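Residue numbers (the working numbering): 4 to 226.
Built from N, CA and C at the ideal position, the CB exists for glycine as well.
This structure is a prediction, so every number in the text was calculated from the model and none was measured.
Just below is one structure, and these are the notes that go with it.
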Amino acid sequence: MKALLLAAGRGERMGALTHNCPKPLLSIGKERLIERHLRRLKAAGVDEVVVNLHYLGSQIKAQLGDGRSYGVRIVYSEESSLLDTGGGARAALSLLGNDAPFLMISSDVVTDFDFRALTQLTPDLAHLVLVQNPAHHPSGDFSLNAKGAVLPGSALTYSGIGVIAPALIQSSTKACFAMREVLFPAAEQGRLTGCVHDGYWSDVGTPDRLQNTQADFEAGLCR
């Protein structure tokens, strides 16, 4: 299974931290956010990775190169204009394989989730990793029933990690769209599955959350 790391966004909520540095290259400890995912993907046996780029993408490309130093092979999907999460995935489909499901990961989440739990899955449209609602998103995104079906609801939050079937991306006719535009209708149709991760997870979307995640790292809560 190949993986798509979403790394194109501007990271505007980070303020001055991302004026001259793309958010995926911010660090927790001595490791950049995107490097953490590469390490964990390699440990899970995923060695073919697509990274989508837009904002300061040349810096990411210069840092990661072809992935050899991380034990993986990286190819890049470069966006001349921002396509959002869903549009970015659509633009990368030819690199990911138009028929096979792929891992999709937001590069600005920090987690101890074991990607090996996902690499053999072949979902109908998508299998989502869900987490308990964080303080910054108390309204949640979905619910999960006893059979593992992801349904509309507010009990759980999408972690930014999932296995995506190309058919889900192709269900939109837009070039630029957010994943929620295809995920929510699919949930209403009962075509999503999922699991709950009760381990460490943080969405490093603001300076405060980055600082809190750094403190968690120093306390040994995430690795």
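With DSSP collapsed to three states, give me the class of residue i.
{"i": "residue 187", "result": "helix"}
{"i": "residue 58", "result": "coil"}
{"i": "residue 97", "result": "helix"}
{"i": "residue 180", "result": "coil"}
{"i": "residue 175", "result": "coil"}
{"i": "residue 17", "result": "helix"}
{"i": "residue 121", "result": "coil"}
I'd like the list of long-range same chain contacts for residue i, defined as Cβ closer than 6 Å, with 5 residues on each side in sequence excluded.
{"i": "residue 2", "result": "Past the edges of the chain, shown from 4 to 226, lies residue 2, and the structure says nothing about it."}
{"i": "residue 206", "result": "112"}
{"i": "residue 109", "result": "9 and 163"}
{"i": "residue 200", "result": "116, 132 and 134"}
{"i": "residue 58", "result": "13 and 25"}
Throw me the rounded Cβ distance for the residue i and residue j pair, which I believe falls under 8 Å.
{"i": "residue 37", "j": "residue 10", "result": "6 Å"}
{"i": "residue 169", "j": "residue 127", "result": "About 12 Å; that fails the 8 Å criterion."}
{"i": "residue 225", "j": "residue 133", "result": "Not quite, the Cβ-Cβ distance comes to about 18 Å (not below 8 Å), so this is no contact."}
{"i": "residue 32", "j": "residue 25", "result": "Wrong, their Cβ atoms sit about 18 Å apart, outside the cutoff."}
{"i": "residue 77", "j": "residue 86", "result": "Going by Cβ atoms, the distance from residue 77 to residue 86 rounds to 19 Å, so no, they are not a contact pair."}
{"i": "residue 210", "j": "residue 17", "result": "6 Å"}
{"i": "residue 141", "j": "residue 125", "result": "Not a contact, Cβ separation roughly 33 Å."}
{"i": "residue 190", "j": "residue 154", "result": "6 Å"}
Who are residue i's beta bridge partners in DSSP?
{"i": "residue 131", "result": "165 and 197"}
{"i": "residue 220", "result": "Answer by DSSP bridge pairing: none, since residue 220 is not bridged."}
{"i": "residue 81", "result": "56"}
{"i": "residue 206", "result": "112"}
{"i": "residue 157", "result": "Paired residue(s): none; residue 157 is not in a bridge."}
{"i": "residue 76", "result": "51"}
{"i": "residue 152", "result": "196"}
{"i": "residue 35", "result": "30"}
Alpha carbon to alpha carbon, how far is residue i from residue j?
{"i": "residue 193", "j": "residue 186", "result": "10 Å"}
{"i": "residue 34", "j": "residue 53", "result": "19 Å"}
{"i": "residue 73", "j": "residue 48", "result": "12 Å"}
{"i": "residue 39", "j": "residue 146", "result": "28 Å"}
{"i": "residue 181", "j": "residue 99", "result": "18 Å"}
{"i": "residue 222", "j": "residue 177", "result": "44 Å"}
{"i": "residue 56", "j": "residue 89", "result": "14 Å"}
{"i": "residue 123", "j": "residue 107", "result": "14 Å"}
{"i": "residue 80", "j": "residue 138", "result": "33 Å"}
{"i": "residue 173", "j": "residue 50", "result": "25 Å"}
{"i": "residue 69", "j": "residue 75", "result": "8 Å"}
{"i": "residue 217", "j": "residue 120", "result": "26 Å"}
{"i": "residue 45", "j": "residue 7", "result": "13 Å"}
Give every residue of the same chain whose Cβ lies closer than 8 Å to the Cβ of residue i, excluding the five residues on either side of it in the sequence, and list them in chain order.
{"i": "residue 136", "result": "142, 143, 157, 158, 159 and 160"}
Using a Cβ-Cβ cutoff of less than 7 Å, which residues in the same chain neighbour residue i once the five nearest sequence positions on both sides are dropped?
{"i": "residue 179", "result": "86, 87 and 90"}
{"i": "residue 167", "result": "92, 104, 105, 107 and 129"}
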